[in-house]
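*Asks:* Residues 1 to 295 (UniProt numbering) make up the sequence shown, in order.
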Amino acid sequence: IVTGTTSGLLLFWVERSCTKHVRGHYGDIFSLYSSLHCILSGGKDCRIRTWSHNLEPGAIFDITGFGSSPIINALCLSSDGKSIVVGTTGSNIYEISAIDGSDLRGGPIVNGHFKGNINYLSVHPNKKEFATVGEDCYLRIWDMNFKTLLKVALFETTICAVAYSTLGDTIVVGLGGESSSKCGTFIVLNEEDLSFQYETRDTTKAITVVKYSPDGETLAVASEDFNIYLYAVNDEYELIGRCLRHTAPVTHIDFSIDGEWLRSNSSSKELYFFNTDDATFQSNIQSMRDIEWAS
Numbered sequence: 001i002v003t004g005t006t007s008g009l010l011l012f013w014v015e016r017s018c019t020k021h022v023r024g025h026y027g028d029i030f031s032l033y034s035s036l037h038c039i040l041s042g043g044k045d046c047r048i049r050t051w052s053h054n055l056e057p058g059a060i061f062d063i064t065g066f067g068s069s070p071i072i073n074a075l076c077l078s079s080d081g082k083s084i085v086v087g088t089t090g091s092n093i094y095e096i097s098a099i100d101g102s103d104l105r106g107g108p109i110v111n112g113h114f115k116g117n118i119n120y121l122s123v124h125p126n127k128k129e130f131a132t133v134g135e136d137c138y139l140r141i142w143d144m145n146f147k148t149l150l151k152v153a154l155f156e157t158t159i160c161a162v163a164y165s166t167l168g169d170t171i172v173v174g175l176g177g178e179s180s181s182k183c184g185t186f187i188v189l190n191e192e193d194l195s196f197q198y199e200t201r202d203t204t205k206a207i208t209v210v211k212y213s214p215d216g217e218t219l220a221v222a223s224e225d226f227n228i229y230l231y232a233v234n235d236e237y238e239l240i241g242r243c244l245r246h247t248a249p250v251t252h253i254d255f256s257i258d259g260e261w262l263r264s265n266s267s268s269k270e271l272y273f274f275n276t277d278d279a280t281f282q283s284n285i286q287s288m289r290d291i292e293w294a295s
């Protein structure tokens, strides 16, 4: 029996006695795999090592440059002993050569978000694609048909919300992370290459929802400060005003089909209506009953 320790040692056991120990890794050993060919070990130091069945050292493969958080959590050797499948803390799975450690697939076979929650999802209005964001600070664009990752962008802090524009040519993300100087910021990106277009910040609290109006002229940004901020898209996202009424963070936003009205829910089960021209509260609920909504 071979076991791995939190200090990076490999221990060789005969019945109940440890008869040999070797330094295998720097830090925790998270994965061991045994086959007819060899023993594999991997851990916190992002290295894969091969060993004989008597714990004589073999090859060392360093995957530090393999994507986000390449700490090794799982290992498997192919039946012919020529390739190794590696699962990482970054939710990536790679296939590498057991001879020289080279990446056999030119990138991860499987990848995804890897820390905390996936906070928001938005579907492209025209393409079979969707965007996801999460606590791992990544924006990821996915292909619906092939279920593959198309594009990815890394931000300085947690991303709490995402939305495509009406035409699908831009993507807006809303940032959180209370300890970050970017908390409360929204950033507009070019959809094609995820390049930066615009950034602003009118609150220091995390963004909860972002949404474009159906006509594409207004962007609504809700924050944990209970307010909804309206921006004029065609005027370089100039602030129109703040929708002030909620007593809890806004969870959902909906626009009327013509873009003139906005309705919103909060975590306190509130439902309020606002005029998008000036962000004023609409107290006449009866006048809203025949409005057609984009949802």
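C-beta atoms are modelled at their ideal positions from N, C-alpha and C, and glycine is treated no differently.
Kindly confirm or deny that the segment 40-60 and the segment 11-24 touch, where touching means at least three C-beta pairs closer than 8 Å.
*Replies:* A contact exists between the segment 40-60 and the segment 11-24.
*Asks:* Exposed or buried, which one is Ala-248 when buried takes at least 16 other CB atoms within 10 Å?
*Replies:* Result: exposed.
*Asks:* Looking at the unbroken beta strand (DSSP E) that takes in Trp-51, where does it start and where does it end?
*Replies:* 47-51 is the span of the beta strand (DSSP E), which, as asked, contains Trp-51.
*Asks:* Tell me the rounded alpha-carbon separation between Val-172 and Ile-159.
*Replies:* Looking at the two C-alpha atoms, the distance is approximately 11 Å.
*Asks:* By DSSP, does Gln-286 sit in helix, in strand, or in coil?
*Replies:* Reduced to three states, the DSSP call for Gln-286 is helix.
*Asks:* For a test of the three-state rule: what should DSSP assign to Gly-62, helix, strand or coil?
*Replies:* Checking the sequence, you will find Asp at residue 62 rather than Gly. In this structure, Asp-62 counts as strand in the three-state DSSP scheme.
*Asks:* So, are the CB atoms of Asn-265 and Arg-242 less than 8 Å apart?
*Replies:* Not a contact, by the Cβ cut-off of 8 Å.
*Asks:* In whole angstroms, what is the alpha-carbon distance linking Arg-49 and Glu-156?
*Replies:* If I take the Cα positions, the gap works out to 33 Å.
*Asks:* Considering only DSSP beta bridges, list what Cys-243 is partnered with.
*Replies:* Note: Cys-243 sits in a beta bridge opposite Ile-228.
*Asks:* When DSSP labels each residue in this structure, what does Asn-111 get in the three-state scheme?
*Replies:* Correct three-state label for Asn-111: coil.
*Asks:* I believe Thr-218 touches Glu-191 by the beta-carbon criterion, under 8 Å. Please report the beta-carbon distance rounded to the nearest angstrom.
*Replies:* Not quite, the Cβ-Cβ distance comes to about 19 Å (not below 8 Å), so this is no contact.
*Asks:* Thinking Ile-84 and Ser-31 are a contact (beta carbons under 8 Å), I'd like their distance in whole angstroms, please.
*Replies:* At roughly 11 Å, the Cβ-Cβ gap does not stay under 8 Å, so Ile-84 and Ser-31 are not in contact.
*Asks:* Compute the Euclidean distance between the alpha carbons of Val-22 and Cys-76, then round it to the nearest angstrom.
*Replies:* When rounded, the distance between both Cα atoms is 21 Å.
*Asks:* Classify Asn-54 as helix, strand or coil using the three-state DSSP reduction.
*Replies:* Asn-54 falls in the coil class under three-state DSSP.
*Asks:* At what residue ranges does the segment 110-173 contain a whole run of the beta strand (DSSP E), taking only runs of 3 or more?
*Replies:* Fully enclosed beta strand (DSSP E) runs of 3 or longer: 118-123, 129-134, 138-143, 148-154 and 159-164.
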